[in-house]
Structures are given as C-alpha cells and as structure tokens.
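Heads up, the thing below is written out as structure tokens.
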Amino acid sequence: MTSWLLKWKPKAVRELTALWNQSSEKAAVTKAVHQLEQALSRNPMTFGESRVGLQRMAFEKPLCINFEVIPDDHKVIVISVREW
Numbered sequence: 002m003t004s005w006l007l008k009w010k011p012k013a014v015r016e017l018t019a020l021w022n023q024s025s026e027k028a029a030v031t032k033a034v035h036q037l038e039q040a041l042s043r044n045p046m047t048f049g050e051s052r053v054g055l056q057r058m059a060f061e062k063p064l065c066i067n068f069e070v071i072p073d074d075h076k077v078i079v080i081s082v083r084e085w
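The opening residue of the sequence shown carries number 2 in our numbering; numbering runs sequentially from there.
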C-alpha cells in the first residue's frame, strides 16, 4: 500500500494551533490530529465524507477537518480545522 503525502495549508495550521492553545484537553486534540493524519496517509479517498469535487470532511473528536485529495499526485491537503 502506497502512502499519501500529507500537507497542511498555513490557514489550517493556524486554526489548529489556536484550537490547541485554547483547549482544556490538549491531549485529546493531539490524539485526534495523530489519528486523522494516520487515516489520511493510508487511504484518503474513502476516509470521512465526500463534499464538492475532490474535497472531503472528516471528524475525530474534538476536531473536524476539511481536506482535498489529489489522486494523480497521491497528495492530501488539509484545508481547514475546526472544533467539533
């Protein structure tokens, strides 16, 4: 199984940083990020819920992420992060 390259847009990194800094459960946020990144690097085409085009949304308490899958480049780009 081929791994997918995972990139985070700067906006998504800023959103995640703000959520982590404001969270009273930093360990839960860290764990959610790890689980999301693991799933995205394995098979993002079937992970989460489909949206417009190649965009998808995934949930891992306490986070929700929007991401885009670029199959030809085997790349996943996290577009945004919010609290769920």
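Even glycine gets a Cβ: it sits at the ideal position worked out from N, Cα and C.
Other residues of its chain near residue i: CB distance less than 8 Å, five sequence neighbours each side excluded
| i | result |
| --- | --- |
| GLU38 | LEU7 |
| PHE68 | LEU41, PRO45, GLY49, GLN56, ARG57, MET58, ALA59, VAL77, ILE78, VAL79, ILE80 |
Cβ-based burial, residue i [other Cβ within 10 Å; buried from 16]
| i | result |
| --- | --- |
| GLY54 | exposed |
| GLU84 | exposed |
Secondary structure of residue i, DSSP reduced to three states
| i | result |
| --- | --- |
| VAL30 | helix |
| ARG15 | helix |
| SER42 | helix |
Cβ shell of residue i (< 7 Å), same chain only, five flanking positions each side left out
| i | result |
| --- | --- |
| TRP5 | LEU41, SER42, PRO45, HIS75, LYS76, VAL77 |
| SER51 | ARG57 |
| ASP24 | Note on residue identity: the sequence assigns Ser, not Asp, to residue 24. Excluding sequence neighbours, SER24 sits near VAL30. |
Contact check, residue i vs residue j, beta carbons under 8 Å
| i | j | result |
| --- | --- | --- |
| VAL70 | LEU17 | no |
Own chain residues within Cβ distance below 6 Å of residue i, not counting five before or after
| i | result |
| --- | --- |
| GLY49 | ARG57, MET58, ALA59 |
One or two residues paired with residue i in a DSSP bridge
| i | result |
| --- | --- |
| VAL77 | LEU7, VAL70 |
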